[in-house]
Amino acid sequence: MSAPFRFGPFFLDSRIAVGGTAEVYLGRPAAPGTGLPDKLVVKRLLPHFASDPEGRTMFEREARLHAAVTHDNVVTVFGAGVDNRGEPYLSMEYIDGVDGYRLLRRLRQDDELLPVGVAVYVAREVLRALESVHAARDPLSGGALGIVHRDVSPSNIYLSKDGKVKLGDFGIARSTTRTTLRSEAGQVLKGKFAYLAPEQVAGEPSDHRADLFSLGTVLAEILLNRPLFPGGGQLAILLAIRDCKVDALQEIRARLPPGLFEVLQRALSRQPASRFPNATDFAQALAPFEADPRLAVREIAARVKWVQSAASSDQMAAVRESARAMRAVRPTSEAPPRAPAVAPAATVKSAPAAARQAPVQRAAVVSELPNELAQDVEHEMPERKTEEYELLPSWVVKENGEKLGPWTFARLMEALATGNLQRGDKVDFVGRGFQDVEEIEEFARFFPPPSATTGKLTGPGAPDFNDHLGNVSMLHTLMRVLAQRETGVLFAERPEETGETGSARKELYFVAGKLHHVASSNASELLGEYLVRRGKLEREELDLALAVLPRYGGRMGDTLISMGLVGPVDIFRAIREQGRDRVADLFLWKSGAVTFYRGQTAPPVEFPLDLDLPTLMIAGLEAAKPGDAPMEEHRDHLDRVIGKKESGADDLLSLDGIVWPPLVTRVQSLVKTDAKLRDILKAAARTGGLTAGDILRGLEVLLAAGLVGWKS
Numbered sequence: 000m001s002a003p004f005r006f007g008p009f010f011l012d013s014r015i016a017v018g019g020t021a022e023v024y025l026g027r028p029a030a031p032g033t034g035l036p037d038k039l040v041v042k043r044l045l046p047h048f049a050s051d052p053e054g055r056t057m058f059e060r061e062a063r064l065h066a067a068v069t070h071d072n073v074v075t076v077f078g079a080g081v082d083n084r085g086e087p088y089l090s091m092e093y094i095d096g097v098d099g100y101r102l103l104r105r106l107r108q109d110d111e112l113l114p115v116g117v118a119v120y121v122a123r124e125v126l127r128a129l130e131s132v133h134a135a136r137d138p139l140s141g142g143a144l145g146i147v148h149r150d151v152s153p154s155n156i157y158l159s160k161d162g163k164v165k166l167g168d169f170g171i172a173r174s175t176t177r178t179t180l181r182s183e184a185g186q187v188l189k190g191k192f193a194y195l196a197p198e199q200v201a202g203e204p205s206d207h208r209a210d211l212f213s214l215g216t217v218l219a220e221i222l223l224n225r226p227l228f229p230g231g232g233q234l235a236i237l238l239a240i241r242d243c244k245v246d247a248l249q250e251i252r253a254r255l256p257p258g259l260f261e262v263l264q265r266a267l268s269r270q271p272a273s274r275f276p277n278a279t280d281f282a283q284a285l286a287p288f289e290a291d292p293r294l295a296v297r298e299i300a301a302r303v304k305w306v307q308s309a310a311s312s313d314q315m316a317a318v319r320e321s322a323r324a325m326r327a328v329r330p331t332s333e334a335p336p337r338a339p340a341v342a343p344a345a346t347v348k349s350a351p352a353a354a355r356q357a358p359v360q361r362a363a364v365v366s367e368l369p370n371e372l373a374q375d376v377e378h379e380m381p382e383r384k385t386e387e388y389e390l391l392p393s394w395v396v397k398e399n400g401e402k403l404g405p406w407t408f409a410r411l412m413e414a415l416a417t418g419n420l421q422r423g424d425k426v427d428f429v430g431r432g433f434q435d436v437e438e439i440e441e442f443a444r445f446f447p448p449p450s451a452t453t454g455k456l457t458g459p460g461a462p463d464f465n466d467h468l469g470n471v472s473m474l475h476t477l478m479r480v481l482a483q484r485e486t487g488v489l490f491a492e493r494p495e496e497t498g499e500t501g502s503a504r505k506e507l508y509f510v511a512g513k514l515h516h517v518a519s520s521n522a523s524e525l526l527g528e529y530l531v532r533r534g535k536l537e538r539e540e541l542d543l544a545l546a547v548l549p550r551y552g553g554r555m556g557d558t559l560i561s562m563g564l565v566g567p568v569d570i571f572r573a574i575r576e577q578g579r580d581r582v583a584d585l586f587l588w589k590s591g592a593v594t595f596y597r598g599q600t601a602p603p604v605e606f607p608l609d610l611d612l613p614t615l616m617i618a619g620l621e622a623a624k625p626g627d628a629p630m631e632e633h634r635d636h637l638d639r640v641i642g643k644k645e646s647g648a649d650d651l652l653s654l655d656g657i658v659w660p661p662l663v664t665r666v667q668s669l670v671k672t673d674a675k676l677r678d679i680l681k682a683a684a685r686t687g688g689l690t691a692g693d694i695l696r697g698l699e700v701l702l703a704a705g706l707v708g709w710k711s
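Using numbering that gives the first Met the number 0, read the sequence shown as starting at 0 and increasing by one per residue.
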């Protein structure tokens, strides 16, 4: 449809942007006397989302939440409605200027820095907007809406030619009111992942303090003139966010005004409770470093005009250079460095998810360019094909002399990940000749450095402790690791209950009492299979990923992200959830041996889990005793008295400083004095929010920790 054209009560003159769900037009009122400005922005859903109930609901929520906020630093929403065909739209203020992304890009291109005081001014203006967003109230009931923007990033900060700073795009904002939370159950976070807070990345509960972290990330990027969380890939960026690696700020600390580094450090704290409690306090902490507002406004206005006046010849040169680079990248029969040699097989169709995403990504690139350049890009972009690659076969000789094969690359990777290929096994990898598997460069990362204590499940060396499940529970085993802040490996092994030969094994690596990595011999627990079971990936998409796995060094997460089959945040969360579920599965084991070797290092992993053990304990108990199942176990103990336990000199555990999950702290608050279990359950029922099963699971953790005990 060519512009201008009539859409509802507007004429749409030109499309200025397109994203994953909506497109944005520069428009004007179709009739005089509306009270609207001559220029405005009209946002409409893409056609395939306009007929989707979920897409319309999200669009309507954006309109409702955005319209609830009126502030000089927030893009104004004039109204929402539907055209004569029922297509929803949102009309908003037009900002004659640029967004923060374009400004930062131009600054980097010219190797220039925005003055520190001006950068702080921009941040404080956005914080003024966030004050209004977070304090917004329902116009009908007057109740707090609890809006969290969730997408505070450079591309959503608008800078005008007259030096104003405004926050826009409430496309993924949410309200923390109960009604809205129920309507959003299960919604996947779609924010720009480089600006997410650690709790958002991990899929944990988040509130307005996540927006403050995001704003801190933006301010740090302006000061650095590069992203705060760079990485060798998207998962690496998410890991840096999770661990709050802000080393880059240390590099520029000397050129920052005294005290500004500490303000940023607090804003970028990993734990929300350690950050500023609200936007007002954050803004006050930044106030001493802000430039004179009049000077800042003039500087911003000048910078906006500087970006807008960038020579079109420079842009054309960049576009043509990009197009030449893309033409040079052709599918070949050779693998990139460090990847095994492969031969091209028949061309196959792209997986559905990749096919759906490609046009949107292309359109998003074109929309950022002037109209005269967009046509050149369309002509110069090469056709890309997804090719399936078939690995040359490999052979395996086990230590016992058993010969296996021919194996594909995917089969080798599965055997390595599940421990069915071990140190000392010989592999003839794609015809290179037999070598010890740990000596083959492509597979060395699966093996920990040789240890004087143990290299395999069976030794050598005496374990630091061992036991049999049944004699001791997995809960008590993990509690022991937690209490002693252990670093080492816990092997768990049991005979297969299916009657098949072999055994089930898991290896749990800990660092300072946290779960660092967990390996399993169960092929169904591999990442690809896990994503299929969770409905994040189709079976045919997994098959396609397995076919091209060697192109990405055998890393399934990187493969799926690069192919556009699963988003990076979904992969990040799935790896953490996969680790949690592998541990929770151990709580279901009725028998088996557990053996711990202190000091054993984990094999090199791209994704250290860094999972807190108390949370894993609760997950394991829920897996073993779901719902109200614990009631049956404790029914005979309802009249027993339980209370706080006095610590003794012979106590095994040292749990000072442990951060317990909210469920455990809630139960702990109910056991302040000696009371019958029946009375504790009644007290919990009166306060609401927790089931009897929840209370009993929390109680089991406290009993295992020795923080409470049964009274005789």
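By construction, the Cβ of each residue, glycine as well, lies at the ideal position given by its N, Cα and C atoms.
As the structure is a prediction and not an experimental result, all values here were calculated from the model.
Checklist entry - Which whole-angstrom value describes the C-beta separation of residue 485 and residue 597, a residue pair presumed to lie in contact below a C-beta threshold of 8 Å? => result Confirmed, about 6 Å.
Checklist entry - When DSSP labels each residue in this structure, what does residue 465 get in the three-state scheme? => result Looking at residue 465 - three-state DSSP - the assignment turns out to be strand.
Item to check | For residue 670, the three-state DSSP class (helix, strand or coil) | outcome: Reduced to three states, the DSSP call for residue 670 is coil.
Item to check | Contact set for residue 602: own chain, Cβ-Cβ below 7 Å, skip 5 residues either direction | outcome: For residue 602, where only same-chain residues beyond five positions count, the Cβ hits under 7 Å are 444, 445, 446, 447.
Item to check | Three or more C-beta pairs below 8 Å linking the segment 693-711 and the segment 472-480 | outcome: At 8 Å Cβ cutoff, the stretches touch.
Item to check | Any 3 or more C-beta pairs closer than 8 Å across the segment 242-252 and the segment 293-308 | outcome: No, the segment 242-252 does not touch the segment 293-308.
Item to check | Residues bridged to residue 594 (per DSSP) | outcome: Answer is 465, 490, bridged to residue 594.
Next on the checklist: Among the candidates 143, 92, 32, 237, whose CA atom is the shortest distance from the CA of residue 560?
Outcome noted: Ranking the options by Cα distance to residue 560, first place goes to 237.
Next on the checklist: Rounded to the nearest angstrom, what separates residue 542 and residue 105 at their Cα positions?
Outcome noted: Straight-line spacing of the CA atoms in residue 542 and residue 105 works out to 42 Å.
Item to check | Boundaries (first-last residue) of the alpha helix (DSSP H) holding residue 250 | outcome: The continuous alpha helix (DSSP H) containing residue 250 extends over residues 246-250.
Checklist entry - Which residues in the same chain as residue 154 place their Cβ atom closer than 6 Å to its Cβ, once the five residues preceding and following it in sequence are excluded? => result Hits under 6 Å: 98, 100.
Checklist entry - What do you reckon, are the CB atoms on residue 592 and residue 467 nearer than 7 Å? => result The answer is yes: Cβ separation under 7 Å.
Checklist entry - What are the boundary residues of the beta strand (DSSP E) that includes residue 197? => result Counting along the chain, residue 197 falls outside any beta strand (DSSP E), though it belongs to the alpha helix (DSSP H) covering 197-200.
Item to check | C-beta contact flag for residue 29 and residue 58 at 7 Å | outcome: Cβ atoms of residue 29 and residue 58: not closer than 7 Å.
Item to check | Rounded straight-line distance, which links the Cα of residue 126 to that of residue 262 | outcome: Taking the straight line joining both Cα atoms gives about 14 Å.
Checklist entry - What is the rounded straight-line gap between the Cα of residue 16 and the Cα of residue 219? => result When only Cα atoms are considered, residue 16 and residue 219 end up about 27 Å apart.
Item to check | DSSP-derived helix/strand/coil call for residue 586 | outcome: Looking at residue 586 - three-state DSSP - the assignment turns out to be coil, as it is neither helix nor strand.
Item to check | CB-CB length for residue 128 against residue 72, believed under 8 Å | outcome: Right, their Cβ atoms sit about 4 Å apart.
Item to check | Status (buried if at least 16 other CB within 10 Å, exposed otherwise) for residue 199 | outcome: With 16 or more Cβ atoms within 10 Å of its Cβ, residue 199 is classed as buried.
Checklist entry - Between the beta-carbon of residue 508 and the beta-carbon of residue 516, is there less than 7 Å? => result Going by C-beta atoms, residue 508 is nearer than 7 Å to residue 516.
Next on the checklist: Could you compute how far the alpha carbon of residue 205 sits from the alpha carbon of residue 131?
Outcome noted: Spanning the two alpha carbons is a distance of roughly 18 Å.
Next on the checklist: On a Cα-Cα basis, can you pick out the residue from 672, 521, 661, 615 that is closest to residue 513?
Outcome noted: A check of alpha carbon separations from residue 513 across 672, 521, 661, 615 identifies 615 as the nearest.
Item to check | residue 5 versus residue 25: straight-line alpha-carbon distance, rounded | outcome: Distance between the alpha carbons of residue 5 and residue 25: 12 Å.
Next on the checklist: Please classify residue 668 as buried or exposed, where buried requires at least 16 neighbouring CB atoms within 10 angstroms.
Outcome noted: It counts as exposed.
Checklist entry - Expressed to the nearest angstrom, what Euclidean distance is found between the alpha-carbon atoms of residue 378 and residue 13? => result Per-residue confidence for residue 378 stands at a pLDDT of 36, beneath the threshold of 50, marking its modelled position as unreliable; no derived number is given.
Checklist entry - Skipping 5 residues on each side, what residues in its chain have a beta carbon closer than 7 Å to that of residue 38? => result Excluding the 5 residues flanking it on each side, residue 38 has same chain C-beta neighbours closer than 7 Å at 25, 27, 93, in chain order.
Next on the checklist: Can you check which of these residues, 491, 471, 436, is closest to residue 423 by C-alpha distance?
Outcome noted: Cα-wise, what sits closest to residue 423 is 436.
Checklist entry - When DSSP labels each residue in this structure, what does residue 93 get in the three-state scheme? => result Residue state, collapsed to three classes: coil.
Checklist entry - Using DSSP with H/G/I as helix, E/B as strand and the rest coil, what is residue 144? => result In this structure, residue 144 counts as coil in the three-state DSSP scheme.
Next on the checklist: I'd like to confirm the pairing. Which residues does DSSP put opposite residue 751 in its beta bridges?
Outcome noted: The structure shown does not extend to residue 751, since the chain is modelled only from 0 through 711, so no value can be given for it.
Checklist entry - In whole angstroms, what is the alpha-carbon distance linking residue 554 and residue 544? => result Cα to Cα, residue 554 sits roughly 10 Å from residue 544.
Item to check | Burial state of residue 658 (16 or more Cβ within 10 Å) | outcome: Counting the other Cβ atoms within 10 Å of the Cβ of residue 658 gives fewer than 16, which makes it exposed.
Item to check | Coil, strand or helix - residue 398 by DSSP | outcome: DSSP, read as helix, strand or coil, puts residue 398 in coil.
Next on the checklist: List, from N- to C-terminal side, the beta strand (DSSP E) runs of 3 residues or more that fit wholly inside the segment 15-62.
Outcome noted: Taking only runs of at least 3 residues, the beta strand (DSSP E) segments lying wholly in the segment 15-62 are 21-28, 39-44.
Item to check | residue 393, DSSP secondary structure in three states | outcome: Strand.
Item to check | Alpha carbon of residue 207 to alpha carbon of residue 76, nearest angstrom | outcome: When rounded, the distance between both Cα atoms is 22 Å.
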